[in-house]
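For reference, the structure discussed in these notes is given below.
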Amino acid sequence: MKITMVGTGYVGLVSGACLADVGNHVLCLDLDPSKIAILEGGGIPIHEPGLLEMVRRNVAAGRLQFTGDIDRAVAYGQIQFIAVGTPPDEDGSADLKYVLAAARNIGSRMTEDKIIVDKSTVPVGTADKVKAAVAEELNKRGLKLNFSIVSNPEFLKEGAAVDDFMRPDRIVIGASDEKAIHSMRELYAPFNRNHDRLVVMDVKSAELTKYAANAMLATRISFMNELANVAEKLGADIEMVRHGIGSDPRIGYHFLYPGCGYGGSCFPKDVSALIKTAQDEAGITLQILNAVESANEAQKIVLSNKIKAKFGGDLKGKKFALWGLAFKPNTDDMRDAPSRKLLADLFAAGATVTAYDPVAMNESRRIFGDHPQLTYVDNQLDACTGADALVIVTEWREFRTPDFDAIKAKLKNATIFDGRNLYEPKDMREEGFEYFAIGRG
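See below:
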């Protein structure tokens, strides 16, 4: 099939490359010239394991191309995927300006029947708005062309997005047009060879499914974080509690890891957007999700509160080593990352920070600029040199079994604040560290 992918962010670029990898011909459109320049130069504008090799392989095979030309993009694919950003608006709702602009671009240029697929994470009812935008543009041109709107939400984890696309748990298709459904079945057939993962439903249900999935996962995280705070005060160990409840098959172990809060491009934005949609469109206050959101914001200051309890509220003259800047491992994404809130709190208290992250330091430089209280080093041990304590925010694999003797030799104080519970408190005591974790009693 010939496919146009509008947008080359995490969703668009991963989806386009993976669809090309199974034999489709894909043209990716982006209106940011710098992104197109990077892609045409053999690079990628994001960090995602396995993606660079896949992009290069399919570009070399002639199946994957990039352009900033809207006319060319609309003319190219019978299936037009919209995979642009839906950033949070000031009131917490999803900003649909890029989605609707893409729809209008298609409607104002299409000369044949099209299937238009919403791949972006969008509120319930967006497909109707996309349909109206396309129809309006066609009416302006006096054309009567057939087009179908399909909701096909993505369920990609940053850091594992390529594998998630190639081996999906489920493929959700929201549509009412049987021809469009048939085309989507054909498109996704290579990903269904083991067993049928396609779940077909109406458009609004598909739109809500994406929000519901992320809201459920965010709820589990905030629940465990609040439980961890209780466990800590009561002298219980949240890791033992996690094993105790996770062994129940009705609960399971996934997303039961307490820490210093969730972040990224999905959970914070999607929880907020679902709260706003429910309130504005249905007149319903989502009390649980409001609590999830509040609990997560509170959890992001748990580490800074522990640091201030140890060293005092005035941290002038104090220096901290920070391991991890990205909101999770295997990505350079720092959107709503707990590290950003922690750094802001430490800076406000007068502290300086030496940070290390395997891939997110350039993104941090873009966010913080030449901040006088923040420096970067090229390896994790150098961050500890002369620091009053080590603070861990991201659970990168290389942080799991470090050289504790070397850490202790470089730190002023043998003190670790672990926002991801990477180590066992008993082992840390035996190593001679004062160890502050999340909910470890």
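Residue 443, in this note's numbering, is where the sequence shown stops; the numbers in between run on with no holes. Every residue gets a Cβ at the ideal spot worked out from N, C-alpha and C, and that includes glycine. Just so it is clear, the structure is predicted and the values come from calculations on it, not from any experiment.
The beta strand (DSSP E) spanning residue i covers which residue range?
| i | result |
| --- | --- |
| residue 118 | 116–120 |
| residue 84 | 81–84 |
| residue 153 | 149–153 |
| residue 436 | 436–438 |
| residue 7 | 4–8 |
| residue 378 | 376–378 |
| residue 356 | 354–358 |
| residue 313 | Looking at the DSSP string, residue 313 is not in any beta strand (DSSP E); the run it does join, the alpha helix (DSSP H), is 304–313. |
| residue 318 | Neither: residue 318 is in no beta strand (DSSP E) and is coded neither H nor E. |
| residue 157 | Segment: none, residue 157 is in no beta strand (DSSP E) and carries neither H nor E. |
| residue 66 | 66–69 |
Suppose you measure from the CA of residue i to the CA of residue j; what does that come to, to the nearest Å?
| i | j | result |
| --- | --- | --- |
| residue 331 | residue 360 | 9 Å |
| residue 280 | residue 154 | 21 Å |
| residue 394 | residue 104 | 41 Å |
| residue 159 | residue 169 | 12 Å |
| residue 392 | residue 293 | 31 Å |
| residue 251 | residue 215 | 19 Å |
| residue 340 | residue 224 | 13 Å |
| residue 266 | residue 329 | 6 Å |
| residue 264 | residue 143 | 47 Å |
| residue 406 | residue 156 | 40 Å |
| residue 5 | residue 374 | 47 Å |
| residue 399 | residue 76 | 42 Å |
| residue 219 | residue 17 | 22 Å |
How about residue i and residue j: do their beta carbons lie closer than 8 Å?
| i | j | result |
| --- | --- | --- |
| residue 205 | residue 85 | no |
| residue 434 | residue 408 | no |
| residue 414 | residue 390 | yes |
| residue 484 | residue 120 | The requested residue 484 is not part of the displayed model; the chain covers only 3 to 443. |
| residue 123 | residue 88 | yes |
| residue 234 | residue 423 | no |
| residue 213 | residue 272 | yes |
| residue 82 | residue 48 | no |
| residue 93 | residue 278 | yes |
| residue 425 | residue 431 | no |
| residue 115 | residue 148 | yes |
| residue 66 | residue 19 | yes |
| residue 444 | residue 217 | Nothing in the structure corresponds to residue 444, since the chain is present only between 3 and 443. |
With hydrogens ignored, establish whether the beta-carbon of residue i is closer than 7 Å to any heavy atom of the ligand HEM.
| i | result |
| --- | --- |
| residue 378 | With respect to the ligand HEM, the structure offers nothing, as it holds no ligand at all. |
For the alpha helix (DSSP H) that contains residue i, what are its first and last residues?
| i | result |
| --- | --- |
| residue 276 | 269–284 |
| residue 129 | 128–143 |
| residue 329 | It is not in any alpha helix (DSSP H) - residue 329 carries neither H nor E in the DSSP assignment. |
| residue 77 | 72–78 |
| residue 243 | 240–248 |
| residue 295 | 289–301 |
In chain order, each beta strand (DSSP E) run of at least 3 residues that lies wholly inside the region 387–428: 391–394, 417–420
Mind the definition here: the region 57–75 touches the region 36–46 only if three or more C-beta pairs lie below 8 Å; say whether that holds. yes
Secondary structure, alpha helix (DSSP H): runs of 4+ residues fully inside the region 164–219: 180–190
I want to know whether the region 379–391 touches the region 300–308 - three or more CB-CB distances under 8 Å. no
Quick one: complete beta strand (DSSP E) runs, 3+ long, within the region 8–62? 27–31
Between the region 175–184 and the region 192–206, do at least 3 Cβ pairs fall closer than 8 Å? yes
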